[in-house]
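Undergrad:
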């Protein structure tokens with residue numbers, strides 16, 4: 001694949017989508033714009049929102065914290081990342097993140113290559129109501145949930161926050 005020559009026209013029609021109540025995302029750079037090399041999401045997580053332990057078979061996942069704090073468990077490591085910090089999780093490494101603070105966390109998540117964009121677009125189209133379809137699609141895209149979140153009392157796609 002080659003990267004397009006010249007500037008890519010930004011898509012200003014993008015919208016924020018919900019993964020689960022308390023976790024929203026927007027696609028900041030799409031696979032179409034990067035010729036499939038990566039996709040970049042901006043994620044905003046309310047306090048106590050996170051993800052279950054999972055593995056990506058095909059993608060590296062790079063986290064850049066923009067605001068707040070994110071706890072990340074990956075492999076045998078556990079770190080708290082603050083605004084301005086970043087870490088990369090290699091493909092095949094079990095990992096999970098959570099916002100354990102009392103304020104929102106905002107981060108960029110970059111998947112390389114960008115194949116998981118398809119799963120996130122499915123998540124956005126479902127409005128969070130058919131998580132079985134999301135999980136099924138997720139596994140077919142090379143990602144597998146391998147356990148519950150390694151944090152106590154958190155909301156995830158497996159245990160969503162009640163809708164207001």
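In the UniProt record's numbering, the protein residues as written are 1 to 164. Built from N, CA and C at the ideal position, the CB exists for glycine as well. Note that the structure is predicted; figures quoted are calculated from it, not measured.
If you reduce the DSSP assignment to three classes, tell me which class residue 78 lands in.
TA: Residue 78 falls in the strand class under three-state DSSP.
Undergrad: Do residue 39 and residue 111 have their C-beta atoms within less than 8 Å of each other?
TA: Closer than 8 Å, so yes.
Undergrad: Taking DSSP as the reference, what is the three-state secondary structure of residue 128?
TA: For residue 128, the predicted structure reports a pLDDT of 49, less than 50, and the residue's modelled location is therefore unreliable. A value from the coordinates is still provided. Residue 128 falls in the coil class under three-state DSSP.
Undergrad: Determine the direct distance from the alpha carbon of residue 14 to that of residue 28, and round the result to whole angstroms.
TA: Those two C-alpha atoms are separated by around 8 Å.
Undergrad: Mark residue 159 as exposed unless 16 or more other C-beta atoms lie within 10 angstroms of its C-beta, in which case mark it buried.
TA: So residue 159 counts as exposed.
Undergrad: Would you list the one or two residues that DSSP bridges to residue 114?
TA: Looking at the DSSP assignment, residue 114 forms no beta bridge with any residue, so it has no partner.
Undergrad: If we count the other Cβ atoms within 10 Å of its Cβ and call it buried at 16 or more, is residue 24 buried or exposed?
TA: Its Cβ being crowded by 16 or more others within 10 Å, residue 24 is buried.
Undergrad: Starting from residue 86 and walking both ways along the beta strand (DSSP E), at which residues does that stretch end?
TA: Element bounds for residue 86: 86-89.
Undergrad: For residue 67 versus residue 109, is the C-beta distance shorter than 8 Å?
TA: It is not a contact, given that the beta carbons lie outside the stated cut-off.
Undergrad: For the segment 73-85 against the segment 93-107, are there 3 or more C-beta pairs whose distance is under 8 Å?
TA: As far as the Cβ criterion goes, the segment 73-85 touches the segment 93-107, which means the pair count is three or higher.
Undergrad: Cα-Cα, which of 106, 100, 63 and 61 is closest to residue 149?
TA: Among 106, 100, 63 and 61, the Cα nearest to that of residue 149 is on 100.
Undergrad: Straight-line CA distance for residue 162 to residue 106?
TA: Cα to Cα, residue 162 sits roughly 21 Å from residue 106.
Undergrad: Please name the residue or residues paired with residue 93 in a DSSP beta bridge.
TA: Answer is none; residue 93 lacks a bridge partner.
Undergrad: Does the Cβ of residue 164 have 16 or more other Cβ atoms within 10 Å, making it buried, or fewer, making it exposed?
TA: It counts as exposed.
Undergrad: Determine whether the beta carbon atoms of residue 81 and residue 147 lie at a separation below 8 Å.
TA: Taking 8 Å as the Cβ cut-off, residue 81 and residue 147 do not qualify as a contacting pair.
Undergrad: Starting from residue 156, follow the alpha helix (DSSP H) in both directions and report where the run begins and ends.
TA: Note, residue 156: premise wrong, no alpha helix (DSSP H); not H, not E.
Undergrad: Just the C-alpha distance for residue 151 and residue 60, rounded to the nearest angstrom, thanks.
TA: Answer to the nearest angstrom: the Cα atoms are 22 Å apart.
Undergrad: Taking all protein chains shown into account, decide if residue 1 is buried (16 or more other Cβ within 10 angstroms of its Cβ) or exposed.
TA: In this prediction, residue 1 has a pLDDT of 38, which is less than 50 and means its spatial position is unreliable; what the coordinates show is noted afterwards. It counts as exposed.
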